[in-house]
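Colleague: Residue numbers (full-length UniProt numbering), protein chains in the order written: chain P, 1 to 276; chain X, 1 to 276. Where is the CB? At the ideal position from N, CA and C, for every residue including glycine. Since the model is a prediction, treat every value here as computed from it, not as a measurement.
2 protein chains.
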Amino acid sequence: MVLHLIGLGLGDIKDITVRGLETARACEKIYLEMYTSILSYGLDRTELNAAFGKEVIEADREMVEQLADQVLDEATTADIAVLVVGDPFGATTHADLVLRAKHRGIAVDVVHNASIMNAVGCCGLQLYSYGETVSIVMWTDGWQPESYFDKIVSNFERGLHTLCLLDIKVKEQSVENMMKGNKKFEPPRYQSCSEAASQLLTIAERRIERGEGSPISAETPVVGLARVGWRDQKIASCSLAKMSTADLGPPLHCLVIPGKMHPLEEDMLATFALSD
Amino acid sequence: MVLHLIGLGLGDIKDITVRGLETARACEKIYLEMYTSILSYGLDRTELNAAFGKEVIEADREMVEQLADQVLDEATTADIAVLVVGDPFGATTHADLVLRAKHRGIAVDVVHNASIMNAVGCCGLQLYSYGETVSIVMWTDGWQPESYFDKIVSNFERGLHTLCLLDIKVKEQSVENMMKGNKKFEPPRYQSCSEAASQLLTIAERRIERGEGSPISAETPVVGLARVGWRDQKIASCSLAKMSTADLGPPLHCLVIPGKMHPLEEDMLATFALSD
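This is the structure:
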């Protein structure tokens, strides 16, 4: 039988493809990977169950990893669907699942969909001019890594745009709960464009203060994108300094640092200029 | 009223999203950009018309550019859909259309979908580790540019993967027809993975012969992808030399030059190893 990995796209249940919907409906069992589910307001359980005509089993990413053997066992005798926000190949977890299925001789079918990796094109910067994608991590008092800044600079100096994926903290435990052994988790936290911009600004300023200089500075134009593919999507173009105080609303956010721009790209960004 | 840019995804009509289908159905007029249409065997006119409940107006990319004013005029008084293979922001044409709509105060709605820029994830190489995307151009006797090779090398030396989009020649005229002023076009030509690999191999060999050396050589592992997102999709992993004689079947092809690989990426590629 077949393991179907089905991308849900970026918004709500209507962003699934016709093929994805039909495929999932025909499956014996449907799992939904809930990694970013809190963000997907359209993906409520009742609506999902109704759309697929059967109960959708929710599993967070950790659980999908734990469940992998069970899912693969089931896929040996029945068609099983795993629904994934975005495109199935957005996360390493799914590559691992595909690999394990292949090693067990289970056929894998993939239903592609939009993900932030291509939908970011909506800000008008051409996708083929992006360099390496960067993940920005939330700083804590004791841990303030800068490695992602070097990657951005490396892209920037080659004239390439950088897509910065922002940090998500889910299933974090407070020190107190961890000590007490309570399996209680903090509410999820999502890094905003302003938080990410603030960190970049701090790194740039530190480097400038140290006399090292920085090609990225307070005046560098950046683009903030919030809730890409949702009905209330917001795109804002401004300087890094201004972005550090901008409010783009609820998550999920991502930040783009443009490299060398074509006039058409500049014109597109101008339509998203943040008014004062 | 609204100009809707709707991505069709990579395969046939079932790869449209539920939102895309409903949106297009509710539009007064539906245009289909036919740039890669010959490739989309599932997208035949009868099936499309049936799916949308009205006649779909086919227009090639050149015509979309010419039609832009007309489409925008129409969008001032009615909802108009422009269907695009892949995601709407895959081509500069559409950014231009969006920009012109915005300047005229016409609302633009985008329905995202998968495109090769994210679906290439199916070969198992992580999307965030790709550098700049490269377009390989078909060589002619008198014109053999190498600039794309330098971009591949630049990615490769930074440990990044390179997605190479391969050349498509449509609406080309023979010298004879051009001289005679005949508006007759040659059949479209699509560069294959083997053709692209041959060109890369030639460039590498020339550089090695000239004593310049080349980090990309006959033994460099590459990945060929054909008809991504189609039912008969094919992925093949082998050396550049071997790819130069490999037959991956009908178009559309693209080629990936992996950079530094994670063990999981290596394991995934191994499942696509071309047998001798």
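Tell me whether P:A273 sits in a helix, a strand or coil according to DSSP, three-state version.
Modeller: Taking the first residue of the first sequence as 1, we reach residue 273 of chain P at position 273. Residue state, collapsed to three classes: strand.
Colleague: With distances taken from CA atoms, which of P:D73, P:T76, P:E28 is nearest P:I57?
Modeller: One-based indexing of the first sequence puts residue 57 of chain P at position 57. Cα-wise, what sits closest to P:I57 is P:E28.
Colleague: Figure out for me which residue from P:H112, P:A50, P:L3, P:E74 has the closest Cα to the Cα of X:W230.
Modeller: Sequence index remark: in the second sequence, residue 230 of chain X carries index 230 (1-based). Looking at the Cα atoms, P:H112 is the closest of the given residues.
Colleague: Note down, in chain order, every chain X residue with its Cβ under 7 Å from the Cβ of P:C122.
Modeller: In the first sequence, counting from the first residue as 1, residue 122 of chain P sits at position 122. F89, V110, listed in chain order.
Colleague: Roughly how many angstroms separate the alpha carbons of X:V134 and X:L10, rounded to a whole number?
Modeller: Here the question's residue 134 of chain X lines up with position 134 in the second sequence. Here the question's residue 10 of chain X lines up with position 10 in the second sequence. Taking the straight line from one Cα to the other gives about 19 Å.
Colleague: Given 8 Å as the limit, is there contact between the region 18-28 of chain P and the region 234-250 of chain P, that is, 3 or more CB pairs closer than that?
Modeller: As far as the Cβ criterion goes, the region 18-28 of chain P does not touch the region 234-250 of chain P, which means the pair count is below three.
Colleague: If you measure from the beta carbon of X:T162 to each beta carbon in chain P, is any gap under 8 Å?
Modeller: What you label residue 162 of chain X is simply residue 162 of the second sequence in a count that begins at 1. Taking Cβ atoms only, chain P never reaches closer than 8 Å to X:T162, which makes this a no.
Colleague: Please state if the CB of P:A114 and the CB of P:D87 are separated by a distance shorter than 8 Å.
Modeller: Here the question's residue 87 of chain P lines up with position 87 in the first sequence. Here the question's residue 114 of chain P lines up with position 114 in the first sequence. Yes, the pair counts as a contact, with Cβ atoms nearer than the cut-off.
Colleague: Output, in chain order, the set of chain P residues within a Cβ distance shorter than 8 Å of X:G229.
Modeller: Numbered from its first residue, the second sequence carries residue 229 of chain X at position 229. H112, listed in chain order.
Colleague: Take P:L21 as the anchor and find which of P:V82, P:A204, P:G181 has the nearest alpha-carbon.
Modeller: As a working mapping, residue 21 of chain P is identified with position 21 in the first sequence. Nearest C-alpha to P:L21: P:V82.
Colleague: To the nearest whole angstrom, what separates the beta carbons of P:P221 and P:S237, a pair I think is in contact under 8 Å?
Modeller: Residue 221 of chain P sits at position 221 when you count from the first residue of the first sequence. Residue 237 of chain P sits at position 237 when you count from the first residue of the first sequence. That pair is a contact at about 7 Å.
Colleague: Using the Cβ count rule (16 or more neighbours within 10 Å means buried), how would you classify X:M179?
Modeller: On the second sequence, position 179 is the one that residue 179 of chain X refers to. Burial call: exposed.
Colleague: Output yes if chain P places a C-beta closer than 8 Å to the C-beta of X:M117; else output no.
Modeller: By one-based count along the second sequence, residue 117 of chain X stands at place 117. Yes, X:M117 lies at the interface with chain P (some Cβ there is under 8 Å from its Cβ).
Colleague: Along chain P, which residues have their Cβ under 9 Å away from the Cβ of X:G131?
Modeller: Position 131 of the second sequence, counted from the start, is the residue given in the question as residue 131 of chain X. Near X:G131 (Cβ distances below 9 Å), the residues of chain P are Y130, G131, E132, N155, R158, L160.
Colleague: Can a CB atom of chain P be found closer than 8 Å to the CB of X:L39?
Modeller: The residue given as residue 39 of chain X occupies position 39 in the second sequence. Reliability fails at X:L39, whose pLDDT of 48 lies under 50, so the model's placement of it is uncertain and the value that follows must be treated cautiously. Output row for X:L39: interface = no.
Colleague: Return the Cβ separation of P:Y31 and P:V71 in integer angstroms, given the expectation that the two are a contact with Cβ distance under 8 Å.
Modeller: Working through the first sequence from its first residue, we reach residue 31 of chain P at position 31. Working through the first sequence from its first residue, we reach residue 71 of chain P at position 71. Rounded, the Cβ-Cβ distance is 7 Å, consistent with contact.
Colleague: For P:R227, tell me which candidate among P:A51, P:K171, P:V85 has the shortest Cα-Cα distance.
Modeller: Against the first sequence, residue 227 of chain P aligns to sequence position 227. Nearest C-alpha to P:R227: P:V85.
Colleague: Which complete alpha helix (DSSP H) runs does the region 161-234 of chain P hold, if anything under 4 residues is left out?
Modeller: Those alpha helix (DSSP H) runs which fall completely within the region 161-234 of chain P and span 4+ residues are 175-180, 193-209.
Colleague: Hey, out of X:T23, X:R61, X:A78, whose CA is closest to X:A51's CA?
Modeller: Taking the second sequence and counting its residues from 1, the one referred to as residue 51 of chain X is at position 51. Ranking X:T23, X:R61, X:A78 by Cα distance to X:A51 puts X:T23 first.
Colleague: Would a check of beta-carbon distances place X:G105 closer than 8 Å to chain P?
Modeller: On the second sequence, residue 105 of chain X is found 105 positions in, with the first residue counted as 1. Chain P contact via Cβ: absent.
Colleague: Could you check if X:K14 is buried or exposed, using at least 16 other CB atoms within 10 Å of its CB as the buried criterion?
Modeller: In the second sequence, counting from the first residue as 1, residue 14 of chain X sits at position 14. Under this definition X:K14 is a buried residue.
Colleague: With DSSP run on the structure shown, which of helix, strand or coil describes P:L21?
Modeller: Working through the first sequence from its first residue, we reach residue 21 of chain P at position 21. Helix.
Colleague: If you draw a straight line from the alpha carbon of P:R206 to that of P:L125, how long is it in whole angstroms?
Modeller: Taking the first sequence and counting its residues from 1, the one referred to as residue 206 of chain P is at position 206. Taking the first sequence and counting its residues from 1, the one referred to as residue 125 of chain P is at position 125. Their Cα atoms are separated by approximately 29 Å.
Colleague: Which of helix, strand or coil does DSSP assign to X:S37?
Modeller: In the second sequence, residue 37 of chain X corresponds to position 37, counting from 1. Any answer about X:S37 is weak, because its pLDDT of 45 lies below 50 and its placement is not dependable; what the coordinates show is given next. Residue state, collapsed to three classes: helix.
Colleague: Please list the partners that P:M268 has in chain X, where partner means a Cβ-to-Cβ separation under 8 Å.
Modeller: Taking the first sequence and counting its residues from 1, one reaches residue 268 of chain P at position 268. By Cβ distance, chain X contributes A95, V98, L99.
Colleague: What does DSSP give as the partner residue(s) for X:A59 in the beta ladder?
Modeller: Position 59 of the second sequence, counted from the start, is the residue given in the question as residue 59 of chain X. BP columns for X:A59 point to X:E33.
Colleague: Going straight from the alpha carbon of P:A119 to that of P:D167, what length do you get?
Modeller: Position 119 of the first sequence, counting from 1, holds the residue named residue 119 of chain P. Position 167 of the first sequence, counting from 1, holds the residue named residue 167 of chain P. If I take the Cα positions, the gap works out to 18 Å.
Colleague: If we count Cβ pairs, one from each stretch, closer than 8 Å, do we get three or more for the region 180-196 of chain P versus the region 213-220 of chain P?
Modeller: Too few Cβ pairs lie closer than 8 Å, so no.
Colleague: Under DSSP, the alpha helix (DSSP H) around P:L83 begins and ends at which residues?
Modeller: If you number the first sequence from 1, residue 83 of chain P lands on position 83. It is not in any alpha helix (DSSP H) - P:L83 instead sits in the beta strand (DSSP E) that spans 80-84.
Colleague: When burial is assigned at 16 or more other CB atoms within 10 Å of the CB, is P:S37 buried or exposed?
Modeller: Working through the first sequence from its first residue, we reach residue 37 of chain P at position 37. Any reading at P:S37 needs caution, since the residue's pLDDT is 45, under 50, leaving its predicted position unreliable; the model's value is listed next. Buried.
Colleague: Give me the subset of the region 10-22 of chain P whose CB atoms are less than 9 Å from a CB atom of chain X, sorted by chain position.
Modeller: Hits within the stretch, in order: L10, G11, D12, I13, K14, D15, I16, T17, V18, R19, G20, L21, E22.
Colleague: Does the contact criterion of 3 or more C-beta pairs under 8 Å hold for the region 136-156 of chain X versus the region 87-106 of chain X?
Modeller: Result no; under three Cβ-Cβ pairs closer than 8 Å.
Colleague: What are the boundary residues of the beta strand (DSSP E) that X:H253 is part of?
Modeller: On the second sequence, residue 253 of chain X is found 253 positions in, with the first residue counted as 1. It spans 253-257 - the beta strand (DSSP E) in which X:H253 sits, taken as one unbroken run.
Colleague: When the Cα atoms are used, what is the spatial distance from X:A241 to X:A204?
Modeller: For the purposes of this step, residue 241 of chain X is taken as residue 241 along the second sequence, with counting starting at 1. For the purposes of this step, residue 204 of chain X is taken as residue 204 along the second sequence, with counting starting at 1. Going from the Cα of X:A241 to the Cα of X:A204 covers about 11 Å.
Colleague: Going along chain X in order, which residues have a C-beta closer than 8 Å to the C-beta of P:L264?
Modeller: Here the question's residue 264 of chain P lines up with position 264 in the first sequence. Neighbours of P:L264 on chain X, chain order: T92, A95, D96, L99.
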